[in-house]
Structure formats: C-alpha cells, structure tokens
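Novice: Sending over a structure as structure tokens; questions will come in a sec.
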Ligand SMILES: Nc1ncnc2c1ncn2[C@@H]1O[C@H](COP(=O)(O)OP(=O)(O)OP(=O)(O)O)[C@@H](O)[C@H]1O
Ligand SMILES: [Mg+2]
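Numbering (the numbering used here), first residue to last: 16 to 296.
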C-alpha cells in the first residue's frame, strides 16, 4: 500500500462537514493500487457515455501524474496548471476530443499540483461543480491511493468507481481504500469495477472476495458496477494513443464498458433524484 494512506489523514472534506458539496452527475474513478487501468477505464467510460448521446466531460484528476492526454495522444495547449496558477478559469481549459467529448487535461510531473494548498483544491472543486452543470456526466480520472486530493474528488462525486484487478495487492489496497474512505464518510458511494478479469466468472469471484472482507470487517457491502475483461487490444490501443471504442469497438472489453456505462448512468440518475428529494426535506 502507498505510504500516504494514513488513517489520521481522513477527516478532510468529510461529507458531515458544513459547506460540503456533492455533484449529481459526477463519477470518480479510483483505485488503491496504481496501474490497474483507471485511466484506460475513465477514457473508455467517457467514450461509451458520449456514444449513447450524453454530453460528457473527462477531468484528469491525477494532479501529479496526469496521463489522460498521453493515452489520447493530445498535446494540450491549456491545462489544469493554468487554473491552479490563477491564469485561467476552469471552463477556459476545456478542450474537445474528436467531436465526441470534452477534456480537462492535467499536467504531469508538476509537483506543485499534487501538493496544492487546501484552499486551492477547494477552489478547483467549486469550479468543477459549477462546470459540471453544463454536462450530462463528468468522469474524473484519479490518482492511485487515498490522499487528500483523491478524497476531495471522491467526496464531490455522486459515485466513486473503485477499480481493482484480481491481484492480491490490488485487492488489499482496494479494501484499504474502502476502509480509509469509510472513516471519512465516503464509502457509501463506492462501487467496484473488476478490471482485467480472465472471464465473467473469475471477475465475479474477485468481487466476492473483496465483498466478503468488507462485510466481515467493515460492515459495508459495496455494489459491483461491473467487470472489464482482460483484452490484449487494450494495450494495443494505449500504445496507439487511440481509445478502445474508436480502435477496437467490437471487443469484449468494449462491450463490458458499454454495459457498465449504461448501468452506472442509470444508477447515478436515481441517486440524483434521491439527493434532490433529501434536499427538499
Ligand atoms: N482490460 C484490460 N485488458 C488488458 N490490459 C489492460 C486492461 N486494463 C488495463 N490494462 C493494462 O494496464 C495498463 C495500465 O493502465 P492505466 O494506465 O489505465 O492504469 P492506471 O490505473 O491509470 O495507472 P496509474 O495508477 O499509474 O494512473 C495499461 O497500459 C494496459 O496495458
Ligand atoms: Mg492513470
């Protein structure tokens, strides 16, 4: 597990705090362990939602190690760094990808971005929540682990999709994410995505393993958002810097992502209705 995942860190931006804001159309993509496929999944989920006619924004929330632009082969002229420096407002760094969806690119290797003062992070949060109102859905690609940036974005999301593979280290870190998230009041809105599953059955098994640990030790039952099968064409599409649904739309992995996009969008709309109801109470 990453060493920044410490328990005394988790009080930040607790939903119980006054001034807390949550979006009604925001999906955050997270993972305990790095390299499990968050960026690939975020891009593909965005593309699947866009293909079904939704207006979607993909936000690169991996502030220190941004790579949405790399997987898409973009050379962004403007990015989050301009926003953080106060040069541009968030809506001014939006770029369109291929007429399909909008993107806000991050800036890789900018240490100052991952170590932003809380005030700047909150400003970014507020601008993102405002901008989200112009879209049907916003997808946030997060960095691995559960540091304060991740917690902030996870807290503002309607739902956090926690990506894991069947590797024991990935499962252990997914469990740690839920555990630490639950201390910050975040885990209620977490669903699991099993990525790189050998088969539907194996993916189900991986989910059950994680579910059992959460039920036994945390009294939590995160739902399964779905699974994405292991597919050699995923690597190929990343190497070609072309997203999966463009280059290989007829693969099993693409079908899996389509299915998740539909289910997750429906669920998110239900959740938004619940939130609106609760707000009227
Ligand atoms: N369904 C899949 N089938 C095959 N390979 C996959 C699949 N999903 C991800 N991968 C592989 O995993 C690698 C890592 O993916 P990606 O960069 O999206 O992970 P990440 O979680 O965003 O990493 P980081 O934590 O560094 O941001 C990809 O380069 C790809 O080779
Ligand atoms: Mg990534």
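Where a beta carbon is used, it is the ideal one built from N, C-alpha and C, also for glycine.
Please classify residue 88: does DSSP put it in a helix, a strand, or coil?
Specialist: coil
Novice: Given that a residue counts as buried once 16 or more other Cβ atoms are within 10 Å of its Cβ, and exposed if not, what is residue 247?
Specialist: The residue is exposed, with fewer than 16 neighbouring Cβ atoms inside 10 Å.
Novice: Counting only the same chain and skipping the five closest in sequence on each side, list residues whose C-beta sits under 7 Å from that of residue 197.
Specialist: 233 and 235
Novice: The alpha helix (DSSP H) that contains residue 55, what's its start and end?
Specialist: 53-66
Novice: Would you decide whether residue 21 is buried or exposed? Buried here means 16 or more other CB atoms lie within 10 Å of its CB.
Specialist: For residue 21, the pLDDT reaches just 38, beneath the cut-off of 50, and the residue's location in the model is therefore unreliable, leaving the point undetermined.
Novice: Roughly how many whole angstroms lie between the Cα atoms of residue 253 and residue 107?
Specialist: 27 Å
Novice: Mapping DSSP to helix, strand and coil, what is residue 221?
Specialist: helix
Novice: Roughly how far, in whole angstroms, is the beta-carbon of residue 244 from the beta-carbon of residue 212, given that I think they are within contact range, below 8 Å?
Specialist: Between residue 212 and residue 244 the Cβ distance is about 5 Å, and since that is below 8 Å, they are a contact.
Novice: Hey, residue 153 and residue 52: beta-carbon distance below 8 Å or not?
Specialist: no
Novice: Can you list, in chain order, the stretches of the beta strand (DSSP E) that have 3 or more residues and sit fully within the segment 128-209?
Specialist: Unbroken beta strand (DSSP E) runs of no fewer than 3 residues, entirely contained in the segment 128-209, are found at 152-157 and 174-179, following chain order.
Novice: Beta-carbon separation of residue 122 and residue 81 under 8 Å?
Specialist: Yes. Within cutoff.
Novice: Chain C beta carbons: is any one of them nearer than 8 Å to that of residue 102?
Specialist: Chain labels in this structure do not include chain C; a single protein chain is all it has.
Novice: Since residue 155 contacts residue 76 with CB under 8 Å, what's their CB separation in whole angstroms?
Specialist: 4 Å
Novice: Considering Cα atoms alone, identify which of 260, 295 and 194 is closest to residue 161.
Specialist: 194
Novice: Suppose you measure from the CA of residue 226 to the CA of residue 239; what does that come to, to the nearest Å?
Specialist: 9 Å
Novice: Following a CB-centred definition, is residue 77 positioned closer than 7 Å to any heavy atom of ligand 2?
Specialist: yes
Novice: Between 223, 266 and 157, which lies nearest to residue 44 when the distance is taken from Cα to Cα?
Specialist: 157
Novice: Between which two residues does the alpha helix (DSSP H) harbouring residue 296 extend?
Specialist: First-last for residue 296: undefined, no H or E at that position.
Novice: For the beta strand (DSSP E) that residue 117 lies in, which residues bound it at each end?
Specialist: 116-119
Novice: Can you give me the start and stop residues for the alpha helix (DSSP H) that residue 97 sits inside?
Specialist: 95-99
Novice: With a CB to CB cut of under 8 Å and the five nearest residues on each side skipped, what residues in its chain are close to residue 68?
Specialist: Cβ within range, chain order: n/a, list empty.
Novice: Does the distance from the C-beta atom of residue 60 to that of residue 173 stay below 8 Å?
Specialist: no
Novice: To which residues of the same chain is residue 222 closer than 6 Å at the C-beta, ignoring the five residues directly before and after it?
Specialist: 207, 209 and 239
Novice: Evaluate residue 47 with the Cβ neighbour count: other Cβ atoms within 10 Å of its Cβ, from every protein chain shown; 16 or more gives buried, anything less gives exposed.
Specialist: Under this definition residue 47 is a buried residue.
Novice: Ligand 1 and residue 110: does any heavy atom of the ligand fall closer than 7 Å to the residue's C-beta?
Specialist: no
Novice: Bridge partners of residue 112, per DSSP?
Specialist: 116
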